[in-house]
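Working notes, structure below.
Numbering (the working numbering), first residue to last: 9 to 153.
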């Protein structure tokens, strides 16, 4: 009988501890769910790295001053790009994590009549981290009004 009581007590203690650990994990995820501002910082860093890699890296090496100017321009435009990015982003907040969906159009940054790239991003934000799991690039031609 004593053995049955101690097993039942151990099972209750184990259940209680498991519940506390689970509740703590859920609370930790909720507390560390990144904010839109944190997503903006992440997106800005990613956009700057992309622009540097895709545009500045294409400048011939015999033009070092132009390469430096390109890097400086990317850094200078980063705050505006972040604002544009966030204006075109939707957040679904599930408390424990968030899903960010962005349809980025650069039509306002180019001359009319030129086919400009558009981008679609899907990002999971959880536990203070961002995981971009989908990126699609397309082309859009501005409509003449």
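Even glycine gets a Cβ: it sits at the ideal position worked out from N, Cα and C.
Nearest candidate by alpha-carbon position, reference residue i, set the options
{"i": "residue 53", "options": "141, 74 and 82", "result": "82"}
Rounded separation between residue i and residue j - CA only
{"i": "residue 134", "j": "residue 92", "result": "23 Å"}
{"i": "residue 97", "j": "residue 112", "result": "8 Å"}
{"i": "residue 45", "j": "residue 99", "result": "12 Å"}
{"i": "residue 77", "j": "residue 29", "result": "52 Å"}
Contact under 8 Å by Cβ, residue i with residue j
{"i": "residue 108", "j": "residue 73", "result": "no"}
Cβ-based burial, residue i [other Cβ within 10 Å; buried from 16]
{"i": "residue 141", "result": "exposed"}
{"i": "residue 43", "result": "exposed"}
{"i": "residue 34", "result": "exposed"}
{"i": "residue 47", "result": "buried"}
{"i": "residue 38", "result": "exposed"}
{"i": "residue 14", "result": "exposed"}
{"i": "residue 89", "result": "buried"}
One or two residues paired with residue i in a DSSP bridge
{"i": "residue 98", "result": "109"}
{"i": "residue 138", "result": "133"}
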